[in-house]
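Below: one structure, written as structure tokens.
Take a look at the structure:
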């Protein structure tokens with residue numbers, strides 16, 4: 026009295042097993058991504074500055090105009106935002122500085138950052154806020170808010 030299976034029954038069982046395996050794989054990938062993936066949304070510099078408290082410590086991708094060298098480790102909202110403060114004295118209290126974030130822990134990517142200087146880039150890293158103390162002076166960073174850099178690539182043109 027063994028069960029009798031027809032070709033149709035076997036095909037249905039095979040399809041059921043295949044669907045369950047596919048669902049299990051999707052669930053495993055979704056769970057892994059929940060704990061390890063970064064958002065696919067690329068933020069702008071102004072988005073970071075507007076949401077520091079919510080983003081601090083989180084890994085993000087941010088697009089901006091890179092100025093990087095011995096005297097500058099910054100990501101600007103745009104080349105125009107950077108141009109507004111170059112070549113003239115702009116008070117540190119000026120709102121013109123409100124379109125720039127600093128780049129932190131850049132040592133391992135220094136050669137890449139130097140190569141990409143004065144270009145639009147996408148930086149991946151953790152949002153970081155280093156509060157300056159009274160009387161602190163910095164010559165290479167534009168803001169207390171920045172990105173602890175993990176990776177950098179050339180930005181693609183907006184479509």
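In the working numbering, the protein residues as written are 26 to 184.
The C-beta atom is built at its ideal place from N, Cα and C for all residues, glycine as well.
Check	Outcome
Opening and closing residue of the beta strand (DSSP E) in which residue 68 lies	67-69
Range of the contiguous alpha helix (DSSP H) that encloses residue 137	135-140
Simplified DSSP assignment, three categories, for residue 114	coil
Contact under 9 Å by Cβ, residue 148 with residue 121	no
Coarse secondary structure for residue 86, derived from DSSP in three states	strand
Start-to-end residues for the alpha helix (DSSP H) that takes in residue 108	104-108
Own chain residues within Cβ distance below 6 Å of residue 113, not counting five before or after	none
Other residues of its chain near residue 66: CB distance less than 8 Å, five sequence neighbours each side excluded	86
Alpha carbon of residue 181 to alpha carbon of residue 119, nearest angstrom	30 Å
Exposed unless 16 or more other CB atoms sit within 10 angstroms - verdict on residue 89	buried
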